Structures are given as C-alpha cells and as structure tokens.
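Numbering (our numbering), first residue to last: 2 to 228. The block underneath contains the structure these notes are about, expressed in structure tokens.
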Ligand code: CTP
Ligand code: MG
C-alpha cells in the first residue's frame, strides 16, 4: 500500500543547545535529517515527502537535499510556531485521500519494516502509531512530591511515524484548530475526534534526538547497525 509522509523539520532544537537546528548536526558524517529522509526516499511504497522547514534553514536544507540526492520531496512548506502548526501547513498541501504518515526528522532510526506495518494497519483501522512499553516505574509528581504511582503495564512511550487515513487526520486538525487544542503528537488530535488508534510495538532504538546525551546513544546505534 502506497503512502505519503509529512516530515516536520522546522524546529529550533533549543534543548540540544547546538546554536543551530539540531537536524543539521551530523551522525556518521551525514546530517540527521538526511538520515530520516533517506529511509522514506528509499522505500518503494513511499510516493512522496512533504518537508516543513523554517525560512532561516531553507537555503542550507535545499543544498543538502541536492547533495544527498533526495528524490521524493514533493513539496517544502514553511514551518509554524509549534510542531502542530508545521504539520498543518504541510497537510493543507497534500493531494491524496490515501494513507499519510507523520514522522519527526529528529528520529533517524526508523526501520522500513515498521513503516510498512504502520501503513498496513492504518489502511485497515484508519489510525496506527508505534511505541514501546515503558521500562521504568512511572510516578506523577507535583512540586517535587510524588502524587501517585501509575500502573506501568498500561504505559507506552510513543514514537513516530504515526499513520492515518488522510481524511481522518485532516479532520482532527480542523477540529483542533477550532478548539485551540495543541497536542504533543498527531494521535492525540485523532483520539479526540474521537477515532480509535491502534498501537504497534516498535523498537527502543527509534529514539528522538532531543538533548546532547542523545547524540551518544545515536552514535552507539549507528555502530550497532553497522555490525
Ligand atoms: N518541529 C517543527 N516545527 C516546529 C517545532 C518542531 O517542524 N515549530 C519539528 C522538529 O524539527 C523535529 C520535530 O518537530 O523534527 C520534533 O520536535 P522537537 O524534537 O521538539 O524538535 P525542536 O522543536 O527542534 O527542539 P526543541 O523543542 O528542543 O527546540
Ligand atoms: Mg520542540
């Protein structure tokens, strides 16, 4: 089943503290966002990529897309204030009523096999996300005082990509805009339509590069994959 993917890359990478968009930092001599894009560019089921970038990065990103011969970029859209705004800008340009994925450019380790499982599931159910069961004991805390211990077996850490039938995702964004709702992922918008979302068990390597220490984990994952 073919799909298109929206890749938000228009953040500022503040928590990484690199003084520039963290997606331009290199892993194995290749910019982080190029790693993420290449997985989709090389997937035969991917029909196209819509990339959200901030105007200040435009020249550099365009050069790198050329240099690394990324072929499937259908469109570049300007990022918005929040991640959700960047994705909404991209969604408004999508011309498909098929399956649409959203994948953070800051997650370079997604595997093709998992993308395909998400696409197949979203085709059947309308919405599928990937995540991993929480490993740590989880507690809620207020003002540095524990308020509760949450039953771990029901908690999953959620990743991207998240896959949806386009009409469902678009409707959820329209609804969120109407209600001024801002979620931290796309699924949270779809859940509140409401529409059921299927969880697929992914892999702990699919990390998001957020802070400096994530770069050390990332180097280790690169080495592991090189064998
Ligand atoms: N993103 C985006 N538009 C925004 C904010 C974020 O497209 N207005 C993208 C980022 O580029 C990243 C993904 O959404 O690929 C996930 O966001 P995050 O990891 O939070 O990245 P940043 O927002 O760049 O980092 P920070 O929050 O530390 O500034
Ligand atoms: Mg952010």
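Ideal placement from N, C-alpha and C gives every residue a C-beta, glycine not left out. Model, not experiment: these values are computed from the prediction.
Judged by DSSP in its simplified three-state form, residue 118 adopts helix. Using a Cβ distance threshold of 8 Å, residue 201 and residue 129 count as a contacting pair. At least 8 Å separates the beta-carbon of residue 84 from that of residue 160. With a cut-off of 8 Å on Cβ pairs, the region 122-140 is not in contact with the region 71-82, counting fewer than three such pairs.
For residue 197, the shortest C-beta to heavy atom distance toward the ligand CTP is 7 Å or greater.
By DSSP's assignment, residue 77 forms a beta bridge with 52.
In the structure shown, residue 174 adopts helical secondary structure according to DSSP, grouped into three states. Cβ neighbours of residue 95 within its own chain (closer than 7 Å, five residues either side excluded): 5, 51, 101 and 167. If the five residues before and after residue 61 are omitted, its C-beta is found closer than 7 Å to the C-beta atoms of 25, all from its own chain and listed in chain order.
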